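The block underneath contains the structure these notes are about, expressed in structure tokens.
Protein chains: 4
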Amino acid sequence: MKKVSIDYRVPYADTDQMGVVYYGNYLTFFERARNELMRVCGYTYREFEADGCMLPVIHAQLDYHRPARYDDLLEITAFVQAQKGVRLEIACEVRRKGEEEILVKGFTRHVCVSSSDFRPCPLPERFLGIIR
Amino acid sequence: MKKVSIDYRVPYADTDQMGVVYYGNYLTFFERARNELMRVCGYTYREFEADGCMLPVIHAQLDYHRPARYDDLLEITAFVQAQKGVRLEIACEVRRKGEEEILVKGFTRHVCVSSSDFRPCPLPERFLGIIR
Amino acid sequence: MKKVSIDYRVPYADTDQMGVVYYGNYLTFFERARNELMRVCGYTYREFEADGCMLPVIHAQLDYHRPARYDDLLEITAFVQAQKGVRLEIACEVRRKGEEEILVKGFTRHVCVSSSDFRPCPLPERFLGIIR
Amino acid sequence: MKKVSIDYRVPYADTDQMGVVYYGNYLTFFERARNELMRVCGYTYREFEADGCMLPVIHAQLDYHRPARYDDLLEITAFVQAQKGVRLEIACEVRRKGEEEILVKGFTRHVCVSSSDFRPCPLPERFLGIIR
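Protein chains in written order, with the working numbering: chain G, 1 to 132; chain S, 133 to 264; chain F, 265 to 396; chain H, 397 to 528.
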């Protein structure tokens, strides 16, 4: 199962007055890594949507160990940690590039739904072939 | 021509590590006041869209005089400063509630387009009747 | 134990191309309600910081049941769900105003640290008196 | 005078329900390019701050020609367009990577202030040497 990492440079926009990355912004970091995970697997989320499916988030959780700061070059890693039926879980880890220590980790749980009626639908075979 | 003000309490999320509201967030403040301007006029932007029109921004500018800070209760004021043909300009001013001094001011220029083909279209008569 | 609700009108800025509020923005909604919870209790987070303490988030989780949409008037409710030693958990629920159904719920876990050395420190007595 | 470009992949987080990048997010794009402009010049904004100076924005303006969309790979270009006394203007242009057409352009005007008293102070010689 693939694991993909992206580099991300923290702008001022992501920080708050405590001088660290605002806690809500990590969910955007997670999304950036998920997008790239799908691209590297050869099936972008844009194509996934064009095929009539969507992957809304039904649960998210995050553990904040250490803060990231302005101008840090982060490495954000994503991988599929579970898949069963219409459900999919993608884990994410945030580190400073080149360092072992995890700053923030967590995961998002998604359900595959049809774009036409928003009802749960099976993950496309093409997608399952990729993540297995 | 109507002038509408909203109250807005600044969360940590809006601040940056300089300890002030991040400069990009004021464009969201402007949008909040524009939305309320239309609501008070009796024609919400949601209804405007339901009528097949949209008002994308083609120009925005902002002057930053003084910083807003975490937990400040802001008063954000919006009013139509110009309208000609398919174009509309809405000015916005940000103050601390109860104070005269303007922290940030600016305006956005919009063009009315049809939702179906994204081509310029006249502002709805109903809307013109309101802003005159 | 106090429970506090705030009203919040969803701007375009909070939505994404799925036509719903972006999943990461709920953590800012939670923060808005936490801020107001402290204000209503008579001890704002701004004062809390002035007293040399901070409440960084060490864990957050969210369950997304139904989407909120542009221009929805939301009611965001916060209450202390647990407190032990230096730790504090604040639960949040998001509804459309006047409706029973929960759109999103979750909680944040905080640890009280000293602003001077970022080490865990006891929650101020004044604060404990309020939340009990 | 140096011109620097960065690549930026648009996440869902940046879009709004019109299916395009929300107009306020371009100011963050501009900041990302400004940060990299300084890094490439050999004097990061982090170092600039460590030297006791800050460059708050006093004016910003943007022209929106065409929308950027989810998953677009953007090229964001920044260059110094004017500098006089304590003032500095940095222009930014946003394109899809590999395309000529400008989607959004604008500039920010900054004033150099001292971190200690927030009063205007001369741009550091080291910085002037770089941008000339």
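Glycine included, each C-beta is placed from N, C-alpha and C at the ideal position. Keep in mind that this is a model prediction, so the values were computed, not measured.
With a threshold of 8 Å on Cβ separation, who are the neighbours of residue i within its own chain once the five nearest residues in sequence on each side are excluded?
| i | result |
| --- | --- |
| Tyr276 (chain F) | Tyr334 |
| Met434 (chain H) | Thr440, Tyr441 and Phe444 |
| Arg428 (chain H) | Ile402, Tyr404 and Ile472 |
| Leu470 (chain H) | Asp403, Tyr404, Arg405, Val406, Phe425, Ala464, Val490, Arg491, Arg492, Lys493 and Leu499 |
| Asp327 (chain F) | Val368, Lys369 and Gly370 |
| Leu392 (chain F) | Gln347 |
Between the beta-carbon of residue i and the beta-carbon of residue j, is there less than 9 Å?
| i | j | result |
| --- | --- | --- |
| Gly106 (chain G) | Tyr290 (chain F) | no |
| Arg219 (chain S) | Cys244 (chain S) | yes |
| Asp72 (chain G) | Arg9 (chain G) | yes |
| Val4 (chain G) | Asp14 (chain G) | no |
| Glu495 (chain H) | His461 (chain H) | no |
| Ile131 (chain G) | Cys53 (chain G) | no |
| Phe294 (chain F) | Ile340 (chain F) | yes |
| Gln457 (chain H) | Gly283 (chain F) | no |
| Ala332 (chain F) | Ala342 (chain F) | no |
| Pro256 (chain S) | Gly217 (chain S) | no |
Below 6 Å CB to CB, which residues in the same chain sit around residue i once its five sequence neighbours on both sides are set aside?
| i | result |
| --- | --- |
| Glu89 (chain G) | Gln81, Ala82, Phe107 and Arg109 |
| Glu489 (chain H) | Thr473, Ile498 and Lys501 |
| Arg298 (chain F) | Ala342 and Ile354 |
| Glu36 (chain G) | Val4 and Ile6 |
| Ile322 (chain F) | Arg373 and Val375 |
Is the CB of residue i under 9 Å away from at least one CB in chain H?
| i | result |
| --- | --- |
| Asp336 (chain F) | no |
| Ala192 (chain S) | yes |
| Pro199 (chain S) | yes |
Can you name the residues of chain S whose CB is closer than 8 Å to the CB of residue i?
| i | result |
| --- | --- |
| Val453 (chain H) | Tyr155 and Tyr196 |
Mind pulling the chain G residues with CB within less than 9 Å of residue i?
| i | result |
| --- | --- |
| Thr440 (chain H) | Asp71 |
Cβ closer than 9 Å: which chain H residues qualify as neighbours of residue i?
| i | result |
| --- | --- |
| Tyr272 (chain F) | What Tyr272 (chain F) touches in chain H: nothing, since even the nearest Cβ is about 17 Å away. |
Examine chain G for any beta-carbon lying closer than 9 Å to the beta-carbon of residue i, and answer yes or no.
| i | result |
| --- | --- |
| Val268 (chain F) | no |
| Pro407 (chain H) | yes |
| Thr504 (chain H) | no |
| Arg428 (chain H) | yes |
Which bits of chain F does residue i rub up against, with CB to CB less than 9 Å?
| i | result |
| --- | --- |
| Thr411 (chain H) | Thr279, Asp280, Gln281, Met282 and Tyr286 |
So that I know if they touch, is there some Cβ in chain S lying closer than 9 Å to that of residue i?
| i | result |
| --- | --- |
| Glu363 (chain F) | no |
| Glu397 (chain F) | Beyond the ends of chain F as shown, which are 265 and 396, falls residue 397 (chain F); an answer cannot be given. |
Can you list the residues of chain C that residue i reaches, using a CB-CB cut of under 8 Å?
| i | result |
| --- | --- |
| Thr424 (chain H) | In the structure shown, chain C does not exist; the protein chains are G, S, F and H. |
Short of 7 Å in beta carbon distance, which residues of its chain neighbour residue i, apart from the five on each side in sequence? Order them along the chain.
| i | result |
| --- | --- |
| Arg126 (chain G) | Tyr43 |
| Pro320 (chain F) | His374, Val375 and Val377 |
| Ser379 (chain F) | Glu313, Gly316, Cys317 and Met318 |
| Lys398 (chain H) | Leu433, Val436, Cys437 and Phe475 |
| Pro384 (chain F) | Val350, Val375, Cys376 and Val377 |
Counting only Cβ pairs nearer than 7 Å, list the residues of chain S close to residue i.
| i | result |
| --- | --- |
| Met450 (chain H) | Met150 |
Contained beta strand (DSSP E) runs [length at least 3] in the stretch 443-501 of chain H, N- to C-terminal order: Complete beta strand (DSSP E) runs here, min 3: 453-460, 469-480 and 483-492.
Can you list the beta strand (DSSP E) stretches of 3 or more residues lying completely in the stretch 267-311 of chain F, in chain order? If we require 3 residues or more, the beta strand (DSSP E) runs fully inside the stretch 267-311 of chain F come out as 267-273.
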